[in-house]
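Trainee: Quick mapping for you: the protein sequence lines, in order, are chains Z and C.
Each residue of the first sequence is one higher than the one before, counting from 0 in numbering that gives the first Met the number 0.
Each residue of the second sequence is one higher than the one before, counting from 0 in numbering that gives the first Met the number 0.
Number of protein chains: 2
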Amino acid sequence: MSSGAILWLTGLSGAGKTTLAQAVGERLRAVTAVEILDGEELRRDLSQELGFSKADRDINVRRLGLIGRLLARHGVFVITAAISPYADTRAEMRRAAERERIPFVEAFVDSSLQTLIDRDVKGLYRRALAGEIDHFTGISDPYEPPSQPDVVVKTDVESVRESVEVILRVLVDRGLVAFH
Amino acid sequence: MSSGAILWLTGLSGAGKTTLAQAVGERLRAVTAVEILDGEELRRDLSQELGFSKADRDINVRRLGLIGRLLARHGVFVITAAISPYADTRAEMRRAAERERIPFVEAFVDSSLQTLIDRDVKGLYRRALAGEIDHFTGISDPYEPPSQPDVVVKTDVESVRESVEVILRVLVDRGLVAFH
Numbered sequence: 000m001s002s003g004a005i006l007w008l009t010g011l012s013g014a015g016k017t018t019l020a021q022a023v024g025e026r027l028r029a030v031t032a033v034e035i036l037d038g039e040e041l042r043r044d045l046s047q048e049l050g051f052s053k054a055d056r057d058i059n060v061r062r063l064g065l066i067g068r069l070l071a072r073h074g075v076f077v078i079t080a081a082i083s084p085y086a087d088t089r090a091e092m093r094r095a096a097e098r099e100r101i102p103f104v105e106a107f108v109d110s111s112l113q114t115l116i117d118r119d120v121k122g123l124y125r126r127a128l129a130g131e132i133d134h135f136t137g138i139s140d141p142y143e144p145p146s147q148p149d150v151v152v153k154t155d156v157e158s159v160r161e162s163v164e165v166i167l168r169v170l171v172d173r174g175l176v177a178f179h
Numbered sequence: 000m001s002s003g004a005i006l007w008l009t010g011l012s013g014a015g016k017t018t019l020a021q022a023v024g025e026r027l028r029a030v031t032a033v034e035i036l037d038g039e040e041l042r043r044d045l046s047q048e049l050g051f052s053k054a055d056r057d058i059n060v061r062r063l064g065l066i067g068r069l070l071a072r073h074g075v076f077v078i079t080a081a082i083s084p085y086a087d088t089r090a091e092m093r094r095a096a097e098r099e100r101i102p103f104v105e106a107f108v109d110s111s112l113q114t115l116i117d118r119d120v121k122g123l124y125r126r127a128l129a130g131e132i133d134h135f136t137g138i139s140d141p142y143e144p145p146s147q148p149d150v151v152v153k154t155d156v157e158s159v160r161e162s163v164e165v166i167l168r169v170l171v172d173r174g175l176v177a178f179h
C-alpha cells in the first residue's frame, strides 16, 4: 500500500479545479489509489443544508478535510477540488493533516477574475455581477489567495496538460508519487 | 490490498455498538485495514446541525453510508456504529453498497429495552423516561429492528467476547476475512 496524501486545490469558480483534479487523478491512478473529493458533489451529498456564509463554507471545507484524512490514512491519494476561499480554514486543514503525518500539498489554481468573467462557462459570473447570486466568490464574497502555496498553476495562460505537469512535478519532487 | 466491506451495526442506545465495533475492529486489524465510523462522533464532526427527526437521522445515516462506501471502495473494512433506527434507510444503505459490489453485513446489536433501562450507563434512559430528552430511540422515538439481519448478537445475555465471535464467524463464513 502506498502512503496517502492530500492535494488540496483552491481557486475561484471556473478556474479549472475539477478539470485538473480529474486530469491529475487520471495520471496518478496508474501508480496509486486515488479519490477525488469535489466540493460541489460533497455539498449535494453531505452538506445540503449549508449556505455560503463563512461559517457554512468553513463547515463544508472541514468535512472535506475530515473525509480526505480518513481516506489518506488508508493510503489513498486524495485530491480535493473546492473553492475553499478562506486562508485560515485551509491552514487548519493543513495542520490537521500534518498532525496525522499526512502530506498536504496546497495547489493554487490561479486564473484572473477577468478571464473567468470573460469565459463564464456556466453563466454564473454574469448572474453574480447582475446581483442575482449572493455570496459569489470573487464578486460578492472574498477569495483569499494562498500566500505560500506549494504549487501554483496559471490556468488562464497554461493548457490543462501544462498545469497537470506542473502539479505532478511537485508531487514527484516531494517524493509523494513515483512514475516508473 | 484486501477488498473492502461494510459491517453495519444497528441497535438501541447503550446496546453495545461502539464497544463491539472496537472489539471486532481490533481483531480485524490483524488481517485488514479497518475504520470505525461512530455515529455519535460523526454527528459531532459532520452533522452538528442535525437533530433527531426521521429526516435528520436519515441524513446522518446516509452520510455515514457515503463515507463508508468511499473507504470500502479502497479496500477498507468499515464498521459503522450508529443507532440507525429506520429499516428503510438501512435497506437503502445496503442497496447503495451492493450497487458498488461492496459486501454489506447488517448486524443487529440486540438488547432488551428493560435491560438497557436497568443498566442505563449514561443515565440517558432515566432522563428520556422523565421526558427530558425528545426523540430518544426506544422511549419517545421508534426503533425498527431488522427483519432479516445477517447476524444478531444478544448483548444482554452474551459477553462482549461471545458477541465478537458470533460476528467474526459470519464474516469468515461469508469469505470477507480470513484468519490464518
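Even glycine gets a Cβ: it sits at the ideal position worked out from N, Cα and C.
Taking just the CA atoms, how far does V159 (chain Z) sit from T18 (chain Z)?
Mentor: On the first sequence, position 19 is the one that residue 18 (chain Z) refers to. On the first sequence, position 160 is the one that residue 159 (chain Z) refers to. Taking the straight line joining both Cα atoms gives about 8 Å.
Trainee: Contact criterion: CB-CB distance below 8 Å. Does D44 (chain Z) meet it with respect to chain C?
Mentor: Along the first sequence, one-based indexing puts residue 44 (chain Z) at 45. It does; some Cβ of chain C falls within 8 Å.
Trainee: Report the residue from Z:V60, Z:G64, Z:G24, Z:D109 whose alpha carbon sits nearest the alpha carbon of Y85 (chain Z).
Mentor: Position 86 of the first sequence, counted from the start, is the residue given in the question as residue 85 (chain Z). Of Z:V60, Z:G64, Z:G24, Z:D109, the residue nearest in Cα terms is Z:V60.
Trainee: Does the Cβ of V104 (chain C) have 16 or more other Cβ atoms within 10 Å, making it buried, or fewer, making it exposed?
Mentor: In the second sequence, the residue the question calls residue 104 (chain C) occupies position 105. Its Cβ being crowded by 16 or more others within 10 Å, V104 (chain C) is buried.
Trainee: By the 7 Å beta-carbon criterion, what residues does the stretch 49–76 of chain C contribute toward chain Z?
Mentor: Taking 7 Å as the Cβ-Cβ cut-off against chain Z, the residues of the stretch 49–76 of chain C that qualify are R62, L65, I66, L69, L70, H73, V75.
Trainee: Residues of the stretch 121–133 of chain Z with a CB closer than 7 Å to any CB of chain C: list them in chain order, please.
Mentor: none
Trainee: What does the alpha-carbon distance come out to for the pair V77 (chain C) and V23 (chain C)?
Mentor: As a working mapping, residue 77 (chain C) is identified with position 78 in the second sequence. As a working mapping, residue 23 (chain C) is identified with position 24 in the second sequence. Each residue's alpha carbon lies about 11 Å from the other.
Trainee: Under DSSP, the beta strand (DSSP E) around V75 (chain Z) begins and ends at which residues?
Mentor: Residue numbering aside, residue 75 (chain Z) sits at position 76 when the first sequence is read from its first letter. No beta strand (DSSP E) holds V75 (chain Z); DSSP gives it neither H nor E.
Trainee: When we look at the beta-carbon of V171 (chain C) and count the other beta-carbons within 10 Å, is it buried (16 or more) or exposed?
Mentor: Taking the second sequence and counting its residues from 1, one reaches residue 171 (chain C) at position 172. Classification for V171 (chain C): exposed.
Trainee: What does the alpha-carbon distance come out to for the pair L69 (chain C) and A32 (chain Z)?
Mentor: As a position in the second sequence, residue 69 (chain C) is number 70, starting the count at 1. As a position in the first sequence, residue 32 (chain Z) is number 33, starting the count at 1. Answer to the nearest angstrom: the Cα atoms are 12 Å apart.
Trainee: Any idea if S162 (chain Z) is buried or exposed, counting beta-carbon neighbours within 10 angstroms, 16 or more meaning buried?
Mentor: Counted from its first residue, the first sequence places residue 162 (chain Z) at position 163. Buried: at least 16 other Cβ atoms inside 10 Å.
Trainee: Kindly indicate which residue of Z:R118, Z:L167, Z:H179 has the alpha-carbon position closest to the one of L11 (chain Z).
Mentor: Your numbering for residue 11 (chain Z) matches position 12 in the first sequence. Considering only alpha carbons, the answer is Z:R118.
Trainee: Between which two residues does the beta strand (DSSP E) holding I35 (chain Z) run?
Mentor: Position 36 of the first sequence holds residue 35 (chain Z). Where I35 (chain Z) is concerned, the enclosing beta strand (DSSP E) stretches over 33–37.
Trainee: Measuring straight from C-alpha to C-alpha, what distance separates M0 (chain Z) and G3 (chain C)?
Mentor: The sequence position of residue 0 (chain Z) within the first sequence is 1, counting from 1. The sequence position of residue 3 (chain C) within the second sequence is 4, counting from 1. For M0 (chain Z), the predicted model reports a pLDDT of 46, less than 50, meaning its position is unreliable; a value from the coordinates is still stated below. Cα-Cα distance, rounded: 14 Å.
Trainee: Just checking my contact of G15 (chain C) with S110 (chain C) at CB under 8 Å: how many whole Å lie between their CB atoms?
Mentor: One-based indexing of the second sequence puts residue 15 (chain C) at position 16. One-based indexing of the second sequence puts residue 110 (chain C) at position 111. Sure, about 7 Å apart at Cβ, within 8 Å.
Trainee: In angstroms, rounded to a whole number, what distance separates the CA positions of K153 (chain Z) and D87 (chain Z)?
Mentor: The count along the first sequence starts at 1 and reaches residue 153 (chain Z) at position 154. The count along the first sequence starts at 1 and reaches residue 87 (chain Z) at position 88. The straight-line gap separating the alpha-carbon atoms of K153 (chain Z) and D87 (chain Z) is approximately 22 Å.
Trainee: Pull out every residue of the stretch 135–166 of chain C whose Cβ sits closer than 9 Å to any Cβ of chain D, in chain order.
Mentor: Going by chain labels, chain D is absent from the structure shown, which instead holds the protein chains Z and C.
Trainee: Find the residues of chain C that neighbour E34 (chain Z), judging by a C-beta separation of less than 8 Å, and give them in chain order.
Mentor: Residue 34 (chain Z) sits at position 35 when you count from the first residue of the first sequence. Those within 8 Å of E34 (chain Z) in chain C are L69, R72, H73.
Trainee: Should L49 (chain C) and I58 (chain C) be called a contact, given that it needs their Cβ atoms to be closer than 8 Å?
Mentor: Sequence index remark: in the second sequence, residue 49 (chain C) carries index 50 (1-based). Sequence index remark: in the second sequence, residue 58 (chain C) carries index 59 (1-based). A contact, by the Cβ cut-off of 8 Å.
Trainee: What is the DSSP secondary structure of V169 (chain C), reduced to helix, strand or coil?
Mentor: Here residue 169 (chain C) refers to the residue found at position 170 when the second sequence is read from its first residue. The three-state reading of DSSP puts V169 (chain C) in helix, counting H, G and I together.
Trainee: Taking the straight line between their C-alpha atoms, what separation do you get for E25 (chain Z) and L167 (chain Z)?
Mentor: For the purposes of this step, residue 25 (chain Z) is identified with residue 26 of the first sequence, where counting begins at 1. For the purposes of this step, residue 167 (chain Z) is identified with residue 168 of the first sequence, where counting begins at 1. Whole-angstrom Cα-Cα distance: 11 Å.
Trainee: Out of curiosity, what's the CA-to-CA distance linking R28 (chain Z) and L115 (chain Z)?
Mentor: Translated into positions along the first sequence, residue 28 (chain Z) becomes position 29. Translated into positions along the first sequence, residue 115 (chain Z) becomes position 116. Near 30 Å, if we compare the C-alpha coordinates of L115 (chain Z) and R28 (chain Z).
Trainee: Looking at the secondary structure, which residues open and close the alpha helix (DSSP H) in which T17 (chain C) lies?
Mentor: Position 18 of the second sequence, counting from 1, holds the residue named residue 17 (chain C). Per DSSP, T17 (chain C) belongs to the alpha helix (DSSP H) from 16–27.
Trainee: Taking only beta-carbon positions, decide if A4 (chain C) is within less than 8 Å of chain Z.
Mentor: Translated into positions along the second sequence, residue 4 (chain C) becomes position 5. By this cut-off, A4 (chain C) is not an interface position.
Trainee: Under three-state DSSP, which class holds A106 (chain C)?
Mentor: Here residue 106 (chain C) corresponds to residue number 107 of the second sequence, with the count starting at 1. Of the three classes helix, strand and coil, the one that applies to A106 (chain C) here is strand, per DSSP.
Trainee: Which residue marks the beginning of the alpha helix (DSSP H) containing I116 (chain C), and which one marks its end?
Mentor: Counted from its first residue, the second sequence places residue 116 (chain C) at position 117. Run containing I116 (chain C): 112–118, per the alpha helix (DSSP H) assignment.
Trainee: Is it buried or exposed for V120 (chain Z), if we count other Cβ within 10 angstroms and need 16 for buried?
Mentor: For the purposes of this step, residue 120 (chain Z) is identified with residue 121 of the first sequence, where counting begins at 1. When all chains shown are included, V120 (chain Z) counts as exposed.
Trainee: So the candidates are C:V169, C:Q113, C:G130; which of them puts its Cα closest to the Cα of V150 (chain C)?
Mentor: Here residue 150 (chain C) refers to the residue found at position 151 of the second sequence. Among C:V169, C:Q113, C:G130, the Cα nearest to that of V150 (chain C) is on C:V169.
Trainee: Residues in the same chain with beta-carbon distance under 6 Å from A255 (chain Z), minus the five sequence neighbours each way, listed in chain order, please.
Mentor: Because chain Z in this structure spans residues 0 to 179, residue 255 (chain Z) falls outside the shown range and cannot be described.
Trainee: Is the beta carbon of F178 (chain C) sitting closer than 8 Å to the one on P148 (chain C)?
Mentor: By one-based count along the second sequence, residue 178 (chain C) stands at place 179. By one-based count along the second sequence, residue 148 (chain C) stands at place 149. Cβ distance not < 8 Å, so F178 (chain C) and P148 (chain C) don't count as in contact.
Trainee: Taking the CB atoms as reference points, tell me whether A129 (chain Z) and I101 (chain Z) lie closer together than 8 Å.
Mentor: By 1-based counting over the first sequence, the position of residue 129 (chain Z) is 130. By 1-based counting over the first sequence, the position of residue 101 (chain Z) is 102. No. Outside cutoff.
Trainee: So, is H46 (chain C) buried or exposed, given that buried needs 16 or more other C-beta atoms within 10 angstroms?
Mentor: Here the question's residue 46 (chain C) lines up with position 47 in the second sequence. Sequence inspection shows Ser at residue 46 (chain C); the His mentioned does not correspond to that position. So S46 (chain C) counts as buried.
Trainee: Is it true that the CB of I66 (chain C) sits closer than 8 Å to the CB of I5 (chain Z)?
Mentor: Here residue 5 (chain Z) refers to the residue found at position 6 of the first sequence. Here residue 66 (chain C) refers to the residue found at position 67 of the second sequence. No, the Cβ-Cβ distance between I5 (chain Z) and I66 (chain C) is not below 8 Å.
Trainee: Anyone know if the C-beta pair for V75 (chain C) and V176 (chain C) falls short of 8 Å?
Mentor: Within the second sequence, residue 75 (chain C) is the residue found at index 76, counting from 1. Within the second sequence, residue 176 (chain C) is the residue found at index 177, counting from 1. In this structure, V176 (chain C) does not lie closer than 8 Å to V75 (chain C) by Cβ.
Trainee: Mind checking whether F51 (chain C) and D155 (chain C) have CB atoms under 8 Å apart?
Mentor: Position 52 of the second sequence, counted from the first residue, corresponds to residue 51 (chain C). Position 156 of the second sequence, counted from the first residue, corresponds to residue 155 (chain C). Contact: no.
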